[in-house]
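Residue numbers (our numbering): -7 to 588.
All C-beta atoms, glycine included, are put in the ideal place defined by N, C-alpha and C.
I have placed the structure first, in the form of structure tokens, so that the comments after it can refer back to it.
Dropping the structure here:
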């Protein structure tokens, strides 16, 4: 069955992606790709443009924007079939527009510019600067079409000299500009490159064109490319959806901490049959890699489980030894004692709340203390568990994490007011709500189950572990899916998309809240618990605690979910010896080196 995909003119999938790269930089790259309808003739064109701006303040970005806008206006108002001439006129118009704005406003916005046009199955290009055009053949071979307008390429000399890579031809520097229309497939022969460029590159099914700024293919200080040729090839050979190939190759460079803006435009010549082939070729590779990932995940989880068991046993042994030194007699019993539950040893009367755990120091409450509704609790460096309810089987639970301050309200319903920090809420029945002191119209709620709410500055994070979780603000609201976390920016009233929580993240929360979700988040591996029975000398009878009464044993064979992400896999096509059709190349070098 042929998958449904909207191919422009029944042939082309287009894509674009641009990122800042180094966070210290301004975003000065600009891109465009799309079908451009011409006003005077019924002959639309497929157009791709990449511009890499340079200049102080925001002038570089402005130069890139103005250049692309002028090119598009010129193309829309063009007529005739001489596409190289059309491209040259559009780039020259863009140069004049940027130059005049620089002159009238005293700015210094310059930009590179590479313009690619597909007309009747042939690709044409015009280039100024060091942004590039590549041709990825259906066989998997990639070839650079354009030539960088650098000092060395224009004037020769030492290719390793400090100024060899300086760009000497740019949009907006002078009132006129040299536009390079050539395809440099067979070296630096300008006449031959110009001839190939005027003829255009005939595209075959499966071919792709990639336009990019130098940020995509630059080298890091160690001499390694931010995006390798094979990664660019893989992206266009393994993706058929709009933008995905561009996103994939740009993400490669971004992931290697590219020190410049990174931008790419893709024009892929596909057919429905090509799409079927791409899906078939990637499916098997994905299945193999999925299997490898699953096996690796199982091994890692097993290793982590062993390490956790050994670490826990070691820590417990250290604690035992410390306690033994202060005791005359310490019987040690190794048992399969189950993990503590949230059900208190003693029932809690309706309308009452009791502190059942204080794990640490600095809390404003103590174990066994009963709280009135409206009581403000600070945890300090401890975690505090509070149980509220009517019977042993129908209690509500709050767990306040270290560094938390909250008002405990439970008159009509469980509705603590969170001032700072993190709170776990498990209403025994009905709805439990978390209100916020700083934002009175914001309410996080969970129905009959479990949720964690965290305040980070002006952001509210909601972690939904079970039940129906929501966050409402004013008259608006949204639901957080079970197993996901989602952030709400209270200062702006905006929210991000929900993010799936992995097993490791859930397990960390389960440990932080002192096993508050042991029955829904299984341990990585079964573990014995070492208990030390020690008489507690005291003049008053001690109140029973949850740990004094065993509860049903834990599941012996938990199966933790595996959330190992499986990145999309791309199967590069080995290069062939098929002769390469001629393509366009840039024009003769410019005479004036670029400063600034």
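* Take residue 437 and list the residues in its own chain whose beta-carbon comes closer than 6 Å to its own, dropping the five residues that flank it on each side. => The answer, listed in chain order, is 423, 425, 462.
* Closest by C-alpha distance to residue 380, when choosing among 51, 346, 124 -> Of 51, 346, 124, the smallest CA-CA separation from residue 380 is found for 346.
* Asked: With which residues is residue 235 paired in a DSSP beta bridge?
  -> According to DSSP, residue 235 bridges with nothing at all.
* Could you tell me which residues DSSP puts in a beta bridge with residue 134? => In the DSSP assignment, residue 134 is bridged to 128.
* Tell me, to the nearest whole angstrom, how far the beta carbon of residue 45 is from that of residue 22; I am working on the premise that it is less than 8 Å. => Indeed they touch by this definition, with Cβ atoms about 7 Å apart.
* Cβ pair count under 8 Å reaching 3, the stretch 100 to 111 against the stretch 36 to 52 -> Short answer: they touch.
* So does the stretch 257 to 265 actually touch the stretch 196 to 203, counting three or more Cβ pairs closer than 8 Å? -> Yes, the stretch 257 to 265 is in contact with the stretch 196 to 203.
* Cα-Cα, which of 8, 67, 60 is closest to residue 34? -> Comparing Cα positions, the closest option is 67.
* Asked: Which stretch, first to last residue, makes up the alpha helix (DSSP H) that contains residue 82?
  -> Residue 82: member of the alpha helix (DSSP H) spanning 75 to 97, first to last residue.
* Helix or strand or just coil, what does DSSP make of residue 366? -> Coil, per DSSP.
* Could you have a look at residue 62 and say whether DSSP puts it in helix, strand or coil? => Three-state result, residue 62: helix.
* Asked: Can you list, in chain order, the stretches of the beta strand (DSSP E) that have 3 or more residues and sit fully within the stretch 444 to 505?
  -> You should have 451 to 465, 468 to 472, 476 to 481.
* Stretch pair the stretch 114 to 124 + the stretch 169 to 183: three plus CB contacts closer than 8 Å -> Touching, per the Cβ criterion.
* To do: Would you mind reading off the limits of the alpha helix (DSSP H) that contains residue 27?
  => Taken as a continuous stretch (DSSP letters only), residue 27 belongs to no alpha helix (DSSP H), being part of the beta strand (DSSP E) at 21 to 28.
* Give the range of the alpha helix (DSSP H) segment to which residue 216 is assigned. => Looking at the DSSP string, residue 216 is not in any alpha helix (DSSP H), and its letter there is neither H nor E.
* Cβ contact check for the stretch 353 to 368 and the stretch 389 to 400: 3 or more pairs under 8 Å -> Output reads yes: the stretch 389 to 400 touches the stretch 353 to 368.
* To do: Can you tell me which of the three DSSP states residue 115 falls into?
  => Three-state DSSP puts residue 115 in a strand.
* To do: Can you tell me which of 452, 489, -2 puts its alpha carbon nearest to the alpha carbon of residue 481?
  => The shortest Cα separation from residue 481 among 452, 489, -2 belongs to 452.
* **Cut-off 6 Å between Cβ atoms - residues of its own chain near residue 111, not counting five sequence neighbours on either side** => Close CB contacts of residue 111 within its chain, under the 6 Å cut and outside five residues either way in sequence, are with 37, 75 (chain order).
* Quick one: residues in its chain with C-beta nearer than 8 Å to the C-beta of residue 211, no 5 flanking neighbours on either side, listed in chain order? => Cβ neighbours of residue 211 within its own chain (closer than 8 Å, five residues either side excluded): 217, 218.
* To do: Using DSSP bridges, identify the partner residues of residue 508.
  => Answer is none; residue 508 lacks a bridge partner.
* To do: Select from 418, 419, 443, 411 the residue whose C-alpha is nearest the C-alpha of residue 430.
  => Nearest of 418, 419, 443, 411 to residue 430, Cα basis: 411.
* **Cut-off 7 Å between Cβ atoms - residues of its own chain near residue 407, not counting five sequence neighbours on either side** => The answer, listed in chain order, is 401, 425, 427.
* From residue 169 to residue 87, what does the alpha carbon distance come to, in whole angstroms? -> Computed Cα separation, rounded: 7 Å.
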